[in-house]
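Heads up: take any position in the sequence shown, counting from 1, add 460, and you land on my numbering. C-beta: ideal position from N, C-alpha, C; glycine also.
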Amino acid sequence: MGVSRRQAMKVIAAGGAGAALTSLTGRDEVEASTTEEQAATIIPPARAFSGQHAPKPLPFDPTKLKGISEKLIKSHWENNYGGAVKALNAVEQRLASMLTEKDLPPYLYGDVKREELVRTGSVVLHEYYFGNLGGDGKASGKVVDLIKQWFGSYEQWEAEFKKTANALGGGSGWTILSYNLHTGEVHNYWAWDHMHNAPMGYPLLVLDMYEHAYHMDYGAAAAKYVDAFMQNVNWDEVNRRVEEMRIRR
Ligand SMILES: [Fe+2]
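Written as structure tokens, this is what we have:
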């Protein structure tokens, strides 16, 4: 007994949030005798709309950072990052339920697709950001070789990284030391928001330049926050990403 596309869509329509998108593989209409209940057991749940993301715990002791307070880090992790995780889950489930709305205008679906991109960017970049904090700020290892190869010296790279970050002061965005998997180049990319990133840029070091990342400790003095961030970079994690990138390349 096969399952027709029409039947599968009926099952999806009945499923609401988290309902299955079919994994049907292009088979044409076949026997129509299978019941919807049977079909529901055959079609696997669509993982893309499961909305089951969970926040990753901080990988360091928030009381131990130099120049960045525990209060700020906890608020940032809980409210901004945690909020993004919750929102991403809600967005995924909303997309699933919207798929069942036959007369839904495409532009309304587009609004939520935009939110999917915003929230995904926020979750991923925050996880990279918190992941590269908690160190002693002393750069070493293979990433330094890469930096020297593309910036001449560590000092020149750091100056450009800070200049890029400070260009985002008072607003929002991210500064990302990236290895571009397409061009094979290493750059400090400027990102205006969670959706703004160079295509194929593999993040090695991520700096959050949204005001929520520093305003509680530094007010509008973004440059002081950038200096504090540099003192807390976990370069072991950055080097782990360099290795991970090489494996994936
Ligand atoms: Fe943030």
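Beta-carbon separation (whole angstroms), residue i vs residue j, contact threshold 8 Å
| i | j | result |
| --- | --- | --- |
| Asn640 | Met660 | 5 Å |
| Glu671 | Ser632 | 7 Å |
| Ala514 | Val545 | 7 Å |
| Thr635 | Met669 | 6 Å |
| Gly527 | Ala680 | Not a contact, Cβ separation roughly 16 Å. |
| Ala673 | Asn626 | Not confirmed; about 13 Å, so no contact. |
Span of the beta strand (DSSP E), counted from its first residue to its last, around residue i
| i | result |
| --- | --- |
| Ile528 | Ile528 -> no beta strand (DSSP E), and no H or E assigned at all. |
| Asn657 | That residue, Asn657, is in no beta strand (DSSP E); it is neither H nor E in DSSP. |
Beta-carbon proximity of residue i to residue j, cut-off 8 Å
| i | j | result |
| --- | --- | --- |
| Asp696 | Gly595 | yes |
| Asp677 | Ser535 | no |
| Met690 | Gly630 | no |
| Leu637 | Leu593 | no |
| Trp617 | Glu645 | no |
| Val603 | Val686 | no |
| Ala599 | Tyr589 | no |
| Leu548 | Arg507 | no |
| Thr624 | Asn648 | yes |
| Leu555 | Val583 | no |
| Phe520 | Gln553 | no |
| Lys524 | Glu587 | no |
| Asn699 | Gly612 | no |
Span of the alpha helix (DSSP H), counted from its first residue to its last, around residue i
| i | result |
| --- | --- |
| Pro566 | 566-591 |
| Trp610 | 602-611 |
| Ala599 | It is not in any alpha helix (DSSP H) - Ala599 carries neither H nor E in the DSSP assignment. |
| Ser638 | No alpha helix (DSSP H) holds Ser638; the beta strand (DSSP E) holding it covers 634-640. |
| Tyr674 | Careful: Tyr674 lies outside any alpha helix (DSSP H) and carries neither H nor E. |
Coil, strand or helix - residue i by DSSP
| i | result |
| --- | --- |
| Thr624 | helix |
| Leu667 | strand |
| Trp695 | helix |
| Asn539 | helix |
| His513 | coil |
| Ala506 | coil |
| Ala682 | helix |
| Leu484 | Its pLDDT being 31, under 50, Leu484 is placed unreliably by the model, and the measurement read from it follows with that caveat. Here Leu484 sits in coil by DSSP. |
| Thr494 | With a pLDDT of 46 at Thr494, under the threshold of 50, the modelled position of that residue is not reliable, and the figure given next carries that caveat. Here Thr494 sits in coil by DSSP. |
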